[in-house]
Structure formats: C-alpha cells, structure tokens
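In the working numbering, the protein residues as written are 371 to 774. The C-beta atom is built at its ideal place from N, Cα and C for all residues, glycine as well. Quick notes on the structure that follows.
So, in structure tokens, the structure goes:
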C-alpha cells in the first residue's frame, strides 16, 4: 500500500511537470529584458505600444523585497517618459491624502502613523516599504512643476481615526463636536448630515476641499454597503475619473497581484476594462509579478508548525511558482529558459504574433496541496487577457519586518 501511494504521488508530480516549449522560448528571446538583481531597473524594452496606454497597473506580492523597488522604478520611468497625472494608492482616502502631504514635504504626521492601519500589513511594519515613500518624497521635491503628480487613496476605509482627523482639518470648527468617536455613529452622521453641511459651506470651501469632503462622505456612506475591496476601489475610481476629468490623463497604480487581473468580472482591473462608460477597454495594461526561488514574509501563526521559522514571529518562507506541490504555473519553464538566477526580467507577452495571444500557457496553475490561492483560468481566455507583461523575479528575498 505504501509503495502504491508513493507511486501515485510520483506520477501526480510528474504530471505537473512542464518542459519548456521551443515556440514560446523563441518568442520570449526577442521580447525579454533581463536585469541583474544588483543593477538599476531601466525598462528600456518598453515601446510605444506600452506608452500609448492610459492606465498602468503593477500586480505585486507585497511581502517580497523586489516589490517596492519595482514600484518606484517603473513609476519614475513612466513619469519621466509620458507624465503620470495620478498615482492610485492601495490605501483609504485619508491615508492617501496624508501620504500625498508627506510626499509634498509635510512632517505634520509621522509616516509610521499614517501607515499604522494600512491594509498592506507588511507595509506598516517594514522599513523597506517606508523607504519607498521617503524616496518618492525626495523624487517629488526635485521634479519640475509639469512633472509633479497627485497621489490618491482609493481603497475601502481602514483608518477611521485618520478619517476623523481629516474631517476636522477640513471642516469649520463649529462642526467638530459632531464628529463622533464611534464608527457607526460617524457613518450615520455622514449619511444624514454631512451632505447638508457641505451644501451650506460650499461658498466658503475651495473646490478641492469641497470635493475631498464629498468623497469622504461617499466612502463613509458606502462602507457597509460595499464590502468587496475591488468593488470599492472601482466605485471610487469611477467617481474620481469624472470629478478630476481623467480622460486622456495617465494613471498608475501598484496593487496586490489579484486586483490587476483583467479577465475577471470582479477584480478592480476587470471591472474597469469591461466598463464601456470608461475609455480603458483598449487603454489598460497590467504588469504582473511572478517569482521563482524567492522568499516572502509570512506571519508564522498562519503556517503549520513544521513550516515556521522556529521561535520567530515571521517566517522567511520559500516561495517559488514552479513548486510542483504547492503552485506550478504551466509554462513557467519558458520564462526560466530566457532568464537567469538573481535577476528581475520584463517579459512582453502581447507583441504581434505572440503565441500567448492564443494560449493560456504561462498563466494556468496546477497544484497538489493548497497553501496559496490560485485563480481558475476562464474558459475561452488567453494569457494576455489577464496581463500583458510579466515581471519575473528570481532569487528575490523577503521584506524584513521591524524588530520592535
């Protein structure tokens, strides 16, 4: 019996094996930019077909060291090449407002305080993520006026205390006593009274402040109604698109991997791509990250004891999407064939004649044991329906959490 079980397991593992394909490798050889992990990211292979988009989405795994590095490098490359009007942050409206103020030079609130309830948990507790915002601040400072950008948080409310502070910063003092310390009462006040207050005060508020307060009211009023973060971000995006006249403006966002998958109806990217009232059906591009032989930060309590770093609050977890037990992407061998260890590579999947335009190779996941979520490939879809570029990281390290 034991021999039979081992045989079945071996056959199952072999069935997940995917050798590289000459057709795909030959295509990728002409459409891959490989950068050593120690070198600066240039993205020199990006062409006009890329820059002709208006909405640029990076799908990342936040807990891998390369993520904040890729975000900063790609954003600055885009801004220098075509000017990015707005950076959409995966944070709520108040967090986004105060990060923007920080980037513009304000020291009113410490960066750690702004981020203390950020949904990206590793971003709250790692110096590497905070350093990205510090670099963004230094970058913003040296930009000429025509290159400066706005940062806006579009996520569901995560920090109600920061929302209260923002309301008190923007509303006349006479209303401060009504800003309740209980979240439910604050939501109720927003629904019943805030719109009336804004109508009364409109002539005394500048347009930017009035719009910001209206957006806070919208976010509070819809907090319980819209539970899905993807749906919430999408509703905020539509509102901001109309309010800020984003047509023909260039927008950028680095988000968790799942939010940027375009083929699904329920993701942030999918909702925008499929919305015919928005102009992004053919003007949106996703660059999604994949990893082999890498590490990521995992709260040890989320793992079985035998998988934990013993005695550590966080585990430096082996993460490789060519792991035939936990997560194996069919066709990942092609990506490995055209790249090298200790590199970050940019792979263009949607060039003319690309085999990825007519295949799901490089996207479909197989696994024997479920640890990480995987996304079922929709029938009739191809790899480029999900993302048009792959950022392929090999031997990336984890994000080191704060020790205090």
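Tell me the DSSP secondary structure of residue 543 in three-state form. Looking at residue 543 - three-state DSSP - the assignment turns out to be helix.
Quick one: any contact between the segment 669-683 and the segment 442-457, if contact means 3 or more CB pairs under 8 Å? Taking a cut-off of 8 Å for Cβ pairs, the segment 669-683 and the segment 442-457 do not touch, as fewer than three such pairs fall below it.
Applying the criterion that 16 or more other CB atoms from any shown protein chain within 10 Å of the CB defines a buried residue, is residue 719 buried or exposed? Residue 719 should be labelled buried.
Report all residues from its chain with a CB closer than 6 Å to the CB of residue 540; omit the five preceding and five following residues, and keep chain order. Once the five neighbours on either side are set aside, the close Cβ partners of residue 540 are 579 and 583.
Contact defined as beta carbons within less than 8 Å: I believe residue 713 pairs with residue 764. What is the distance between those atoms, to the nearest angstrom? Between residue 764 and residue 713 the Cβ distance is about 5 Å, and since that is below 8 Å, they are a contact.
Per the contact definition of three or more C-beta pairs closer than 8 Å, is the segment 545-564 in contact with the segment 619-638? In this structure the segment 619-638 does not touch the segment 545-564; the number of beta carbon pairs closer than 8 Å is below three.
Determine the extent of the alpha helix (DSSP H) in which residue 601 is found, giving its start and end residues. It spans 599-614 - the alpha helix (DSSP H) in which residue 601 sits, taken as one unbroken run.
Proximity of residue 549 and residue 667 at Cβ, strictly below 8 Å: Contact flag unset, no.
Spatial distance of residue 762 from residue 638 (CA atoms): Separation of residue 762 and residue 638 (C-alpha to C-alpha, rounded to the nearest whole angstrom) is 22 Å.
Inter-residue Cα distance where the pair is residue 598 and residue 631: When rounded, the separation of the alpha-carbon atoms in residue 598 and residue 631 is 16 Å.
Identify whether residue 416 lies in helix, strand or coil by the three-state DSSP scheme. Taken through DSSP and simplified to helix, strand or coil, residue 416 comes out as coil.
Fully enclosed by the segment 685-735, which alpha helix (DSSP H) runs are 4 residues long or longer? You should have 702-707.
Inter-residue spacing [alpha-carbon to alpha-carbon] between residue 738 and residue 702: Residue placement at residue 738 is flagged as unreliable, the pLDDT there being 47, under the threshold of 50; the coordinate-derived value follows with that caveat. Approximately 17 Å between the Cα atoms of the pair.
Measuring only the C-alpha atoms, how far is residue 497 from residue 468? Straight-line Cα distance between these residues: approximately 18 Å.
Can you check DSSP and say which residues form a bridge with residue 665? Answer is 688, bridged to residue 665.
Would residue 510 pass as a contact of residue 482 if the rule is Cβ separation under 8 Å? Residue 482 is positioned such that its CB atom lies no closer than 8 Å to that of residue 510.
CB of residue 390 within 8 Å of CB of residue 707, strictly: In this structure, residue 707 lies closer than 8 Å to residue 390 by Cβ.
With a 10 Å radius around its C-beta and 16 neighbouring C-beta atoms as the bar for buried, classify residue 676 as buried or exposed. Residue 676 should be labelled exposed.
Within its chain, find whatever has a CB closer than 6 Å to the CB of residue 690; leave out the 5 residues flanking it on each side and keep chain order. In its chain, beyond the 5 residues on either side, 662 and 663 have a beta carbon closer than 6 Å to the beta carbon of residue 690.
Does the beta-carbon distance from residue 404 to residue 710 come in below 8 Å? The criterion of a C-beta distance shorter than 8 Å is satisfied by residue 404 and residue 710.
According to DSSP, is residue 429 helix, strand or coil? In this structure, residue 429 counts as strand in the three-state DSSP scheme.
Backbone secondary structure at residue 474 - three-state DSSP: Residue 474: coil per DSSP, three-state reduction.
C-alpha gap between residue 402 and residue 436, whole angstroms: Roughly 18 Å between the two C-alpha positions.
Would you kindly report the start and end of the unbroken alpha helix (DSSP H) that includes residue 396? Annotation: the continuous alpha helix (DSSP H) that includes residue 396 extends over 392-399.
8 Å contact criterion, which residue 462 and residue 527 should meet: CB distance rounded: In this structure residue 462 touches residue 527 by the C-beta definition: roughly 5 Å separates them, less than 8 Å.
Contact the segment 417-430 vs the segment 646-658: 3+ CB pairs below 8 Å: Result yes; three or more Cβ-Cβ pairs closer than 8 Å.
Consider the Cβ of residue 699: report whether some Cβ of chain D lies at a distance smaller than 8 Å. In the structure shown, chain D does not exist; there is a single protein chain.
Mark residue 674 as exposed unless 16 or more other C-beta atoms lie within 10 angstroms of its C-beta, in which case mark it buried. Residue 674 comes out exposed.
Which listed residue (646, 412 and 760) has its alpha carbon closest to that of residue 699: Checked all of 646, 412 and 760; the closest Cα to residue 699 is 760.
So is residue 605 buried or exposed if we call it buried at 16+ other beta carbons inside 10 Å? It is buried - the Cβ of residue 605 has at least 16 other Cβ atoms within 10 Å.
Just tell me which of 564, 421 and 519 has its CA closest to the CA of residue 542. Taking each of 564, 421 and 519 in turn and checking the Cα distance to residue 542, the smallest one comes out for 564.
At what residues does the alpha helix (DSSP H) containing residue 761 begin and finish? Looking at the DSSP string, residue 761 is not in any alpha helix (DSSP H); the run it does join, the beta strand (DSSP E), is 759-764.
Within a Cβ cutoff of 7 Å, which residues of the same chain sit near residue 472, ignoring the five residues on either side of it in sequence? Within the same chain, and ignoring the five residues on either side of residue 472 in sequence, the residues whose Cβ sits closer than 7 Å to its Cβ are 481, 484, 503 and 507.
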